[in-house]
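Peer 1: Each residue of the sequence shown is one higher than the one before, counting from 32 in our numbering.
Structure provided below as structure tokens; questions to follow.
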Amino acid sequence: MDDNSLHENRFVRDEDERPKVPYNKFSSEIPVISLKGIDDVEESSGGIKSRRAEICEKIIKACEDWGIFQVVDHGVDTKMLSEMTRLAREFFEMPAEEKLRFDMTGGKKGGFIVSSHLQGEAVQDWREIVTYFSYPIKARDYSRWPDKPKEWRAVTEKYSEDLMGLGCKLLEVLSEAMGLEKEALKDACVDMDQKVVLNSYPKCPQPDLTLGLKRHTDPGTITLLLQDQVGGLQATRDGGKTWITVEPIEGAFVVNLGDHGHYLSNGRFKNADHQAVVNSNTSRLSIATFQNPAPNAIVYPLIVNEGEKSIMEEAITFMDMYKKKMSTDLELARLKKLAKAKQQDLEKAKPIESILAKRLADFSLCHPVSVCSCQILLVEINLAIVCRNIVAYNPDFEKRILEAAANSNGTYILEMDDNSLHENRFVRDEDERPKVPYNKFSSEIPVISLKGIDDVEESSGGIKSRRAEICEKIIACEDWGIFQVVDHGVDTKMLSEMTRLAREFFEMSAEEKLRFDMTGGKKGGFIVSSHLQGEAVQDWREIVTYFSYPIKARDYSRWPDKPKEWRAVTEKYSEDLMGLGCKLLEMLSEAMGLEKEALKDACVDMDQKVVLNSYPKCPQP
Ligand SMILES: O=C(O)CCC(=O)C(=O)O
Ligand SMILES: [Fe+2]
32 MDDNSLHENR
42 FVRDEDERPK
52 VPYNKFSSEI
62 PVISLKGIDD
72 VEESSGGIKS
82 RRAEICEKII
92 KACEDWGIFQ
102 VVDHGVDTKM
112 LSEMTRLARE
122 FFEMPAEEKL
132 RFDMTGGKKG
142 GFIVSSHLQG
152 EAVQDWREIV
162 TYFSYPIKAR
172 DYSRWPDKPK
182 EWRAVTEKYS
192 EDLMGLGCKL
202 LEVLSEAMGL
212 EKEALKDACV
222 DMDQKVVLNS
232 YPKCPQPDLT
242 LGLKRHTDPG
252 TITLLLQDQV
262 GGLQATRDGG
272 KTWITVEPIE
282 GAFVVNLGDH
292 GHYLSNGRFK
302 NADHQAVVNS
312 NTSRLSIATF
322 QNPAPNAIVY
332 PLIVNEGEKS
342 IMEEAITFMD
352 MYKKKMSTDL
362 ELARLKKLAK
372 AKQQDLEKAK
382 PIESILAKRL
392 ADFSLCHPVS
402 VCSCQILLVE
412 INLAIVCRNI
422 VAYNPDFEKR
432 ILEAAANSNG
442 TYILEMDDNS
452 LHENRFVRDE
462 DERPKVPYNK
472 FSSEIPVISL
482 KGIDDVEESS
492 GGIKSRRAEI
502 CEKIIACEDW
512 GIFQVVDHGV
522 DTKMLSEMTR
532 LAREFFEMSA
542 EEKLRFDMTG
552 GKKGGFIVSS
562 HLQGEAVQDW
572 REIVTYFSYP
582 IKARDYSRWP
592 DKPKEWRAVT
602 EKYSEDLMGL
612 GCKLLEMLSE
622 AMGLEKEALK
632 DACVDMDQKV
642 VLNSYPKCPQ
652 P
């Protein structure tokens with residue numbers, strides 16, 4: 032989330048998705064409901080409604096209107112809430128390295144992630160999150176819960192427990208509102224699941240172009256959101272045309288109804304359609320607690336009133352509902368992208384179309400407009416789309432023009448993968464692209480045998496020693512700064528071993544490789560080059576790297592531990608290459624007319640780093 036990020040456009044939303052109302056212009060449309068007396072069920076004298084009935088009515092109305100309300104006097108200890116927020120702030124303020132100890136990339140269940148590292152999203156959210164799975168208790172994996180700040184575990188456990196209580200209480204009210212038993216919604220969840228997501232939205236230099244969290248509905252039953260006083264949560268009821276900003280209220284929870292709650296009420300209760308915006312003044316913190324059904328819970332309306340139809344065609348499990356939601360979202364995003372690309376093509380085509388028409392007219396002043404002259408003109412301008420528009424009246428001509436255009440380099444399409452297609456992350460400027468084939472080999476770089484490199488004796492008759500000969504050849508590399516050596520004395524079996532291990536490493540699953548993820552500035556490990564930050568265009572490679580000398584600085588925790596011979600072989604490789612490297616430096620020192628040891632000494636304590644590059648085959652090399 033540095034300067035680069037805005038330039039890369041990774042966070043820039045389509046215009047129709049950008050914020051429409053300010054983060055701090057608060058609306059009071061979302062009701063704030065006090066839960067004081069929610070357990071008081073007695074009718075008051077004279078038929079006056081009980082406090083519980085009053086609260087119920089308010090909640091029902093809010094769920095029918097927006098699927099959102101705020102609760103105060105909810106009984107959750109406010110001191111504990113401030114403790115929770117303080118810990119969350121402290122967590123996000125820790126250095127990246129500390130947070131990345133709980134890195135969630137690679138599909139891990141819980142931990143820390145910079146939202147922009149999530150894969151598969153065309154545009155990224157401006158936020159960092161830390162998340163933990165708290166219910167069912169038996170499924171808790173504390174190894175994915177932060178262990179810093181030190182009170183984290185105790186406080187988050189308490190927070191989860193209290194919010195589970197509040198969540199269930201609210202579900203009771205909603206069940207009653209549907210004319211069902213108190214426990215109906217809870218029971219429909221089978222074994223209530225809870226996931227807590229702490230959102231940190233850094234302040235943003237260009238908040239009008241991006242979102243902290245894009246528009247969505249939560250998939251589960253209900254969500255309890257604790258937010259700070261900054262503001263940024265927005266809701267819409269008309270599909271995103273108009274928005275309101277929910278007013279932050281100290282100590283209140285914003286309650287959002289999710290898709291599951293929406294379906295179970297047969298659509299009577301809305302699923303809150305919401306997003307989070309960011310601002311350039313201050314960062315913002317929110318803590319979302321998702322109360323979800325068990326993955327195998329059945330999703331289907333609990334009641335379908337007379338004269339109504341079920342809003343669901345068939346009963347499905349929550350897991351299937353969730354998967355369907357994700358794939359629908361992705362599909363919608365894809366269609367939107369396509370529509371946008373098409374629109375852009377049309378817009379691009381327009382002005383050029385008129386240029387072309389004018390040029391055609393000019394042309395026809397001196398030449399009768401013929402297929403041939405058109406073709407010259409079109410190839411000159413080199414735009415396939417325009418060609419298609421202009422010459423559509425002649426299918427045969429169109430075909431030939433399109434062929435010509437396809438063979439030219441004006442408008443080809445990249446297909447490295449769907450993502451890069453749009454992002455062009457790997458496409459180099461023309462002047463940087465390869466100029467000669469990868470397999471048309473040159474013999475300009477000398478290949479030098481090192482056999483006899485230690486043999487310094489002059490042969491009889493003043494014939495140069497073998498060492499002197501080699502030295503001369505190496506000096507001839509003044510031309511390129513590159514030469515190849517053979518007969519170098521390094522065991523070739525060990526070299527094949529090294530290559531085999533490297534291949535095996537790169538062939539392991541992403542998850543396995545990412546155990547040594549090098550993002551966040553770690554010293555050594557695995558990285559996909561395209562994950563390197565700060566490069567405008569990315570290299571088409573993956574690497575694994577280890578720091579081997581000085582020995583005392585080796586950090587084996589950053590060396591792969593698989594395949595199992597890795598450490599032994601790489602250590603030997605490093606040692607032998609250190610030897611060979613030093614031998615060559617001796618030669619170069621002598622070539623400079625210095626003591627053998629001069630170059631080595633100038634290095635003080637020779638450092639060695641080994642980088643293994645894997646270049647996947649590439650559809651558009
Ligand atoms: O940060 C916010 O206000 C909204 C968070 C949210 O909607 C979510 O985490 O699902
Ligand atoms: Fe949400």
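Note that the Cβ used here is the ideal one computed from N, Cα and C, for glycine as well.
Since we're looking at a predicted model, the values are computed, not measured.
(1) Which first and last residues belong to the alpha helix (DSSP H) in which Arg117 is found?
(2) Say yes only if the C-beta of Asp249 is nearer than 8 Å to one or more non-hydrogen atoms of ligand 2, and no if none qualify.
(3) If you reduce the DSSP assignment to three classes, tell me which class Glu384 lands in.
(4) Is the beta carbon of Leu211 within less than 8 Å of some heavy atom of ligand 2?
(5) Indicate, with yes or no, if ligand 2 has a heavy atom lying under 8 Å from the CB of Thr254.
(6) What is the DSSP secondary structure of Val136, reduced to helix, strand or coil?
(7) Nearest to Lys367 by alpha carbon, out of Ala153, Arg132, Pro477?
(8) Jot down the residue ranges of each uninterrupted alpha helix (DSSP H) in the stretch 276-333, minimum 4 residues, whole runs only, in chain order.
(9) On the three-pair Cβ rule with 8 Å, is the stretch 511-519 touching the stretch 470-486?
(10) Among the residues of its own chain, which have a CB less than 7 Å from the CB of Leu216, if the five just before and after it don't count?
(11) According to the neighbour-count rule (16 or more other Cβ atoms, all chains shown, within 10 Å of its Cβ), is Gly141 buried or exposed?
(12) On the criterion of 16 or more Cβ atoms from any shown chain inside 10 Å, does Trp157 qualify as buried, or is it exposed?
(13) For Asp47 and Glu542, I'd like the C-alpha separation in whole angstroms.
(14) Measure from the alpha carbon of Thr267 to the alpha carbon of each residue in Asn327, Lys301, Thr254, then state which is nearest.
(15) Please name the residue or residues paired with Ala266 in a DSSP beta bridge.
(16) Between the beta-carbon of Leu256 and the beta-carbon of Ile168, is there less than 9 Å?
(17) Please specify which runs of the alpha helix (DSSP H), each continuous and at least 4 residues long, are wholly inside the stretch 475-555, giving them in chain order.
(18) Just to check, is the beta-carbon of Tyr232 closer than 8 Å to a non-hydrogen atom of ligand 1?
(19) What does the alpha-carbon distance come out to for the pair Lys222 and Lys272?
(20) Use the C-beta contact count for Ala372: other C-beta atoms within 10 angstroms, 16 or more gives buried, fewer gives exposed.
(21) Tell me whether Lys381 is buried or exposed, calling it buried when 16 or more other Cβ atoms sit within 10 Å of its Cβ.
(22) Taking its Cβ as the centre, do 16 or more other Cβ atoms sit within 10 Å of Trp511, making it buried, or is it exposed?
(23) Ignore the nearest five residues each way along the sequence and tell me which others in Asn287's own chain have a CB closer than 6 Å to its CB.
(24) Determine the direct distance from the alpha carbon of Glu602 to that of Glu528, and round the result to whole angstroms.
(25) Exposed or buried, Asn312, counting other C-beta atoms within 10 Å across all chains shown (16 or more means buried)?
(26) Could you name the residues that DSSP lists as bridge partners for Glu573?
(27) Quick one: what does DSSP say Ile582 is sitting in, helix, strand or coil?
(28) Just the Cα atoms here: how many angstroms apart are Arg175 and Tyr163?
(29) For Gly98, which of helix, strand or coil comes out of DSSP?
(30) Can you tell me whether Tyr469 is buried or exposed, with buried defined as 16 or more other CB within 10 angstroms of its CB?
(31) Count the other CB atoms within 10 Å of the CB of Leu112; is the residue buried (16 or more) or exposed (fewer)?
(32) When the Cα atoms are used, what is the spatial distance from Asp485 to Val161?
(33) I'd like to confirm something about His305: is its beta-carbon nearer than 8 Å to some heavy atom of ligand 2, or not?
(34) Among Gly210, Arg365, Ala325, Ala364, which one has its Cα closest to the Cα of Phe349?
(35) From this set, Phe143, Ala370, Thr530, Gln569, which residue's C-alpha is nearest Glu463's C-alpha?
(36) According to the Cβ coordinates, are Arg246 and His291 closer than 9 Å?
Peer 2: Considering the structure as presented:
(1) Residues 109-124.
(2) yes
(3) Any reading at Glu384 must be qualified, since the residue scores a pLDDT of 48, below 50, and its modelled position is unreliable; the value itself is stated next. DSSP places Glu384 in the helix class (H, G or I) of the three-state scheme.
(4) Checking the Cβ of Leu211 against ligand 2 gives no.
(5) Proximity of the beta carbon of Thr254 to ligand 2 is indicated: a heavy atom of the ligand is located closer than 8 Å.
(6) Sequence inspection shows Thr at residue 136; the Val mentioned does not correspond to that position. Three-state result, Thr136: coil.
(7) Ala153
(8) 290-295
(9) With a cut-off of 8 Å, the stretch 470-486 and the stretch 511-519 count as touching, because enough Cβ pairs lie within range.
(10) Shown here for Leu216: same chain residues with a beta carbon closer than 7 Å to its own, the five before and five after excluded, namely Leu202, Leu205, Ser206, Thr252, Leu295 in chain order.
(11) buried
(12) Around the beta-carbon of Trp157, 16 or more other beta-carbon atoms lie within 10 Å, marking it buried.
(13) 36 Å
(14) Lys301
(15) Ile275, His305
(16) no
(17) 497-506, 523-538, 541-545
(18) yes
(19) The sequence given here has Asp at residue 222, not Lys. Asp222 and Lys272: Cα-Cα distance of roughly 37 Å.
(20) exposed
(21) Here Lys381 scores only 49 on pLDDT, less than 50, and its place in the model should not be relied on; the value that follows carries that caveat. So Lys381 ends up on the exposed side.
(22) exposed
(23) Ile99, Asp249, Thr254, Ala303
(24) 12 Å
(25) exposed
(26) DSSP lists Val559, Ser645 as the bridge partner or partners of Glu573.
(27) Note: Ile582 maps to helix in three-state DSSP.
(28) 7 Å
(29) DSSP places Gly98 in coil when its eight states are reduced to three.
(30) exposed
(31) buried
(32) 60 Å
(33) yes
(34) Ala325
(35) Gln569 is the residue among Phe143, Ala370, Thr530, Gln569 whose C-alpha sits nearest the C-alpha of Glu463.
(36) no
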